[in-house]
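Read through the structure below, which is laid out as structure tokens, and then see the notes.
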Amino acid sequence: MAEATGTTGTEEWQPKIVMFCCNWCSYGGADSAGMGRFQMPPTVRVIRVMCSGRMDPVFILNAFLEGADGVIFSGCHIGDCHYVSGNYKATIKYKFLKAMVNELGLEDERLKLDWISASEGERYAQVVTEFTEQIKKVGPSPLKPEGVI
Amino acid sequence: MEIGDCYVGWATDEDIRTRGASGGLVTAMLAAALEKGLVEAVVVLKKLGEFEAVPVVTSDPEEVKAAAGSMHSVPIVLSRYLEYGTKVALPAKPCDARSTIEQAKRGQVDIDTTYIVGLNCGGTMHPAMTRKMLETVYKLDPEEIAGEEIDKGKLIFETKDGKEHAIKIDELEEEGYGRRESCQYCAVNIPTMADIACGNWGVIGDLAGKGTFVEINTEKGIAILENAIDAGAVEITPADDKGKVIRAKVDGAMMKVAAAANEKYLAPIEGSHLDYYMNALKDCIHCGACKTVCPVCACGETAKCTEFSSAADTYKMSLFHLVRFVHLMDSCIGCGQCTDVCPADIPLTHIYQRFAVPMQEEFEYKPGMDMTTPPFFGVDLIEEGH
Ligand SMILES: Cc1cc2nc3c(=O)[nH]c(=O)nc-3n(C[C@H](O)[C@H](O)[C@H](O)COP(=O)(O)OP(=O)(O)OC[C@H]3O[C@@H](n4cnc5c(N)ncnc54)[C@H](O)[C@@H]3O)c2cc1C
Ligand code: SF4
Ligand code: SF4
Ligand code: SF4
Ligand code: FES
Numbered sequence: 230m231a232e233a234t235g236t237t238g239t240e241e242w243q244p245k246i247v248m249f250c251c252n253w254c255s256y257g258g259a260d261s262a263g264m265g266r267f268q269m270p271p272t273v274r275v276i277r278v279m280c281s282g283r284m285d286p287v288f289i290l291n292a293f294l295e296g297a298d299g300v301i302f303s304g305c306h307i308g309d310c311h312y313v314s315g316n317y318k319a320t321i322k323y324k325f326l327k328a329m330v331n332e333l334g335l336e337d338e339r340l341k342l343d344w345i346s347a348s349e350g351e352r353y354a355q356v357v358t359e360f361t362e363q364i365k366k367v368g369p370s371p372l373k374p375e376g377v378i
Numbered sequence: 013m014e015i016g017d018c019y020v021g022w023a024t025d026e027d028i029r030t031r032g033a034s035g036g037l038v039t040a041m042l043a044a045a046l047e048k049g050l051v052e053a054v055v056v057l058k059k060l061g062e063f064e065a066v067p068v069v070t071s072d073p074e075e076v077k078a079a080a081g082s083m084h085s086v087p088i089v090l091s092r093y094l095e096y097g098t099k100v101a102l103p104a105k106p107c108d109a110r111s112t113i114e115q116a117k118r119g120q121v122d123i124d125t126t127y128i129v130g131l132n133c134g135g136t137m138h139p140a141m142t143r144k145m146l147e148t149v150y151k152l153d154p155e156e157i158a159g160e161e162i163d164k165g166k167l168i169f170e171t172k173d174g175k176e177h178a179i180k181i182d183e184l185e186e187e188g189y190g191r192r193e194s195c196q197y198c199a200v201n202i203p204t205m206a207d208i209a210c211g212n213w214g215v216i217g218d219l220a221g222k223g224t225f226v227e228i229n230t231e232k233g234i235a236i237l238e239n240a241i242d243a244g245a246v247e248i249t250p251a252d253d254k255g256k257v258i259r260a261k262v263d264g265a266m267m268k269v270a271a272a273a274n275e276k277y278l279a280p281i282e283g284s285h286l287d288y289y290m291n292a293l294k295d296c297i298h299c300g301a302c303k304t305v306c307p308v309c310a311c312g313e314t315a316k317c318t319e320f321s322s323a324a325d326t327y328k329m330s331l332f333h334l335v336r337f338v339h340l341m342d343s344c345i346g347c348g349q350c351t352d353v354c355p356a357d358i359p360l361t362h363i364y365q366r367f368a369v370p371m372q373e374e375f376e377y378k379p380g381m382d383m384t385t386p387p388f389f390g391v392d393l394i395e396e397g398h
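These protein sequences, in sequence, are chains A and B.
Take the first sequence: its letters are residues 230 to 378, numbered as in the numbering used here.
Take the second sequence: its letters are residues 13 to 398, numbered as in the numbering used here.
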């Protein structure tokens, strides 16, 4: 994936963000961001899935239980999914997950869905940067296990 | 006979009529369905004692007849015992009927071969609680009980010496006894989603206590009732308008009571939700019983909630429950089975309802009420034309 280069000082807490990218658009977006040398914080761990429709709530919930401070899942823009309607399905799963995460008491800011195409390298970097800032504001996840930074 | 018709009916067989809850119509109808080959099997509760029964799937009309009568302290949902493709009939409280429909939507039950004989339901009690209540509130020996019924808001136990002991259900519930919490806030009393809805509400005059009020909801409902009439097993008379009005009134009053209970038990959590849920689930031993009994869960032995979760991986909260919270958001009917079986006494129904109800309201999706709305994200996809 794109090598993230931006740093914001060593003493400042850096959140751990898990980002699921669909193979055909968002993962390409990550590549473009790297190739375009767009600055972004090194907070994101990218996991590639074939389509945003493959996103299973279990992935996201497990990411939180294993210590993620925030989770983004992203795919092709609506209408562009390479499997026709995967991202529609993702939208509805997201709605359920969001409601569930809110009721559970995790901050709303910790979960985000965004569409990023393969050519949108700059936007990819922007999404990562903004989300990182957002997570820094809410701080470490209360679901983070003891001993995990 | 047409859909929407209401009748009052009873069993022609005297033994069934007297042992039945309100005239034995349901028992006679189920037995006749077996005898005439309308179905191959019937699910009933086999009575083991006053507070104990097990569900049985039987082809023996005698076993169906032996099961006559309402058991208010057997809160078991029968829909889990249906087998796909078998022509089967089952007596069904609203929770039995609604879970049957949710299973049918997920391909686990063939609705065309399943006759749902609905029973109105005002609630059930946990058997262990019933015993404790008898000892501490009624001051009776549970072994001395010969029968039980609910009449005019009172829970009445009959002892072997023929005496009746009645206490108002409201009073019992104020002290933490009475119906299960889930039944207190269950707002579906008349199973409109069943093929035929049976109950004692609306049976008035000379027939009161001796007849069952039935409302025909579907073609299958007509088939199972006509089959029993043709077999000479039941007799019916059209329900009078006054009876219909009374039935609707009682239903309305019960819904209000349920709404009040809902506000009481599901009041917003004060303070941190996360602390509340972590604390509530901290005693879970991952036995899986709550999943096994859940009548709307369509997964088999290997399910996502169990396969991906282990107690060893549970750091701050169990993934098992987190997955189930999402999976049951559209389908949890609040039947109370999970709470009933939990060895760690976790108020699971309560917790699952907190996740499910807001989503069901947002999607305007009330699970198990009809076969027309597809489950989960099917709803939106169809609207969007995918
Ligand atoms: C828990 C419960 C609460 C009820 N509350 C109301 C009410 O508030 N208002 C009202 O109008 N009617 C209520 N009913 C329905 C009523 O008691 C009668 O079942 C109905 O009128 C049919 O009477 P019957 O004589 O034709 O049934 P029966 O011939 O006695 O047949 C009853 C059938 O129900 C089955 N059954 C008994 N207990 C249960 C159970 N716990 N779960 C599932 N199946 C069971 C038996 O196996 C049997 O097949 C309730 C029934 C139950 C089981
Ligand atoms: S949950 Fe509702 S339908 Fe089921 S036993 Fe309780 S009151 Fe009856
Ligand atoms: S989660 Fe519990 S209350 Fe909800 S349907 Fe399943 S067993 Fe019933
Ligand atoms: S029944 Fe209770 S202890 Fe068992 S898995 Fe469910 S919540 Fe945990
Ligand atoms: S392939 Fe990108 S969202 Fe489906």
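Just so it is clear, CB atoms sit at the ideal spot from N, CA and C, and this is done for glycine as well.
Values in this document were obtained by computation on a predicted structure and should not be read as measured data.
Inset, instruction - Taking the CB atoms as reference points, tell me whether residue 305 (chain B) and residue 92 (chain B) lie closer together than 9 Å. - result: Within the second sequence, numbered from 1, the residue matching residue 305 (chain B) stands at position 293. Within the second sequence, numbered from 1, the residue matching residue 92 (chain B) stands at position 80. It is a contact, given that the beta carbons lie within the stated cut-off.
Inset, instruction - Taking only runs that begin and end inside the stretch 58-119 of chain B, name each unbroken beta strand (DSSP E) of 3 or more residues, in chain order. - result: 64-70, 100-104
Inset, instruction - Examine chain B for any beta-carbon lying closer than 9 Å to the beta-carbon of residue 233 (chain A), and answer yes or no. - result: Taking the first residue of the first sequence as position 1, residue 233 (chain A) is located at position 4. For residue 233 (chain A), the predicted structure reports a pLDDT of 47, less than 50, and the residue's modelled location is therefore unreliable. The matter cannot be settled from this model.
Inset, instruction - Work out the CA separation of residue 29 (chain B) and residue 146 (chain B) for me, nearest whole Å. - result: Mapped onto the second sequence, residue 146 (chain B) falls at position 134. Mapped onto the second sequence, residue 29 (chain B) falls at position 17. Computed Cα separation, rounded: 28 Å.
Inset, instruction - Just the chain A side, please: which residues come within less than 8 Å of residue 316 (chain B) by C-beta, in chain order? - result: Numbered from 1 along the second sequence, position 304 holds the residue referred to as residue 316 (chain B). Result: 285, 287.
Legend entry - Positions along the stretch 343-369 of chain B whose CB lies within less than 8 Å of some CB in chain A: 366, 367
Legend entry - Cβ contact check for the stretch 15-28 of chain B and the stretch 36-56 of chain B: 3 or more pairs under 8 Å: yes
Legend entry - Under 6 Å, CB to nearest heavy atom of ligand 4: contacting residues: B:296, B:297, B:298, B:299, B:300, B:301, B:302, B:353, B:354, B:355, B:356, B:358, B:360
Inset, instruction - Tell me whether residue 267 (chain B) sits in a helix, a strand or coil according to DSSP, three-state version. - result: By one-based count along the second sequence, residue 267 (chain B) stands at place 255. The answer is helix: DSSP assigns residue 267 (chain B) an H, G or I state.
Legend entry - Neighbour flag for residue 304 (chain A) against chain B, beta carbons, 9 Å: Taking the first sequence and counting its residues from 1, the one referred to as residue 304 (chain A) is at position 75. No - not a single Cβ of chain B is within 9 Å of the one on residue 304 (chain A).
Legend entry - Interface flag, residue 182 (chain B) vs chain A, CB-CB below 9 Å: Translated into the one-based positions of the second sequence, residue 182 (chain B) becomes position 170. Taking Cβ atoms only, chain A never reaches closer than 9 Å to residue 182 (chain B), which makes this a no.
Legend entry - Partner residues on chain A for residue 331 (chain B), Cβ-Cβ distance less than 8 Å: Reading the second sequence from its first residue, position 319 is the one you call residue 331 (chain B). Those are 287, 290, 291, 294, listed as they occur along chain A.
Legend entry - Members of the stretch 236-262 of chain A near chain B, C-beta cut-off 9 Å: none
Inset, instruction - With 9 Å as the threshold, decide whether the Cβ of residue 334 (chain A) is near any Cβ in chain B. - result: Against the first sequence, residue 334 (chain A) aligns to sequence position 105. By this cut-off, residue 334 (chain A) is an interface position.
Legend entry - Contact list for the stretch 326-356 of chain A against chain B, Cβ threshold 8 Å: 326, 328, 329, 332, 333, 334, 335
Inset, instruction - Below 6 Å CB to CB, which residues in the same chain sit around residue 316 (chain B) once its five sequence neighbours on both sides are set aside? - result: Counted from its first residue, the second sequence places residue 316 (chain B) at position 304. 335, listed in sequence order.
Legend entry - CB contact check: residue 197 (chain B) to chain A, cutoff 9 Å: Taking the first residue of the second sequence as position 1, residue 197 (chain B) is located at position 185. No, residue 197 (chain B) lies away from the interface with chain A (no Cβ there is under 9 Å from its Cβ).
Inset, instruction - Taking only the alpha-carbon atoms, compute the straight-line gap between residue 407 (chain B) and residue 56 (chain B) and give it to the nearest angstrom. - result: Look at the range of chain B in this structure, 13 to 398, and you will see that residue 407 (chain B) is not part of it.
Inset, instruction - Tell me where the beta strand (DSSP E) around residue 248 (chain A) begins and ends. - result: The residue you call residue 248 (chain A) lines up with position 19 of the first sequence. 246-251 is the extent of the beta strand (DSSP E) around residue 248 (chain A).
Inset, instruction - Going by DSSP, name the residue or residues bridged to residue 171 (chain B). - result: Numbered from 1 along the second sequence, position 159 holds the residue referred to as residue 171 (chain B). Paired residue(s): B:157.
Inset, instruction - Starting from residue 23 (chain B), trace the beta strand (DSSP E) both ways and give me its first and last residue. - result: Residue mapping note: residue 23 (chain B) aligns to position 11 of the second sequence, counting from 1. 18-23 is the extent of the beta strand (DSSP E) around residue 23 (chain B).
Legend entry - Sub-9 Å separation of residue 314 (chain A) and residue 342 (chain A) beta-carbons: Taking the first residue of the first sequence as position 1, residue 314 (chain A) is located at position 85. Taking the first residue of the first sequence as position 1, residue 342 (chain A) is located at position 113. No, the Cβ-Cβ distance between residue 314 (chain A) and residue 342 (chain A) is not below 9 Å.
Inset, instruction - Determine whether the Cβ of residue 325 (chain B) lies closer than 9 Å to any Cβ atom of chain A. - result: Indexing the second sequence from 1 puts residue 325 (chain B) at position 313. Output row for residue 325 (chain B): interface = yes.
Legend entry - Proximal chain A residues relative to residue 56 (chain B), where beta-carbon distance stays under 8 Å: Against the second sequence, residue 56 (chain B) aligns to sequence position 44. Those do not exist, as residue 56 (chain B) stays about 37 Å from chain A at its closest Cβ, beyond 8 Å.
Legend entry - Residue closest to residue 291 (chain B), alpha-carbon to alpha-carbon, out of B:264, B:265, B:330: Within the second sequence, the letter at position 279 stands for residue 291 (chain B). Of the candidates B:264, B:265, B:330, the one whose C-alpha sits nearest the C-alpha of residue 291 (chain B) is B:330.
Inset, instruction - For residue 369 (chain A), return the contacting residues in chain B, with the cut-off set at a CB-CB distance below 8 Å. - result: Working through the first sequence from its first residue, we reach residue 369 (chain A) at position 140. The premise fails here: residue 369 (chain A) is roughly 12 Å from chain B at the closest Cβ pair, so nothing lies under 8 Å.
Inset, instruction - Measuring from each Cβ to the nearest heavy atom of ligand 5, keep the ones under 6 Å and list them in chain order. - result: A:251, A:253, A:254, A:280, A:281, A:282, A:304, A:305, A:310, A:311, A:312, A:315, A:316
Inset, instruction - Starting from the Cα of residue 402 (chain B), find the closest Cα among B:184, B:348, B:373, B:162 and give me that residue. - result: One cannot answer for residue 402 (chain B) here, as it falls past the ends of chain B, which runs 13 to 398.
Legend entry - DSSP state of residue 231 (chain A) mapped onto helix, strand, coil: To locate residue 231 (chain A), count along the first sequence from 1; it is residue 2. In this predicted model, residue 231 (chain A) has a pLDDT of only 43, less than 50, meaning its place in the structure is not dependable enough to derive any value.
Inset, instruction - Check the DSSP bridge columns for residue 143 (chain B) and list the partner residues they point to. - result: Numbered from 1 along the second sequence, position 131 holds the residue referred to as residue 143 (chain B). Note: residue 143 (chain B) sits in no beta bridge, so no partner.
Inset, instruction - Have a look at residue 76 (chain B) and residue 54 (chain B) and give me their C-alpha separation to the nearest angstrom. - result: Residue mapping note: residue 76 (chain B) aligns to position 64 of the second sequence, counting from 1. Residue mapping note: residue 54 (chain B) aligns to position 42 of the second sequence, counting from 1. Cα to Cα, residue 76 (chain B) sits roughly 7 Å from residue 54 (chain B).
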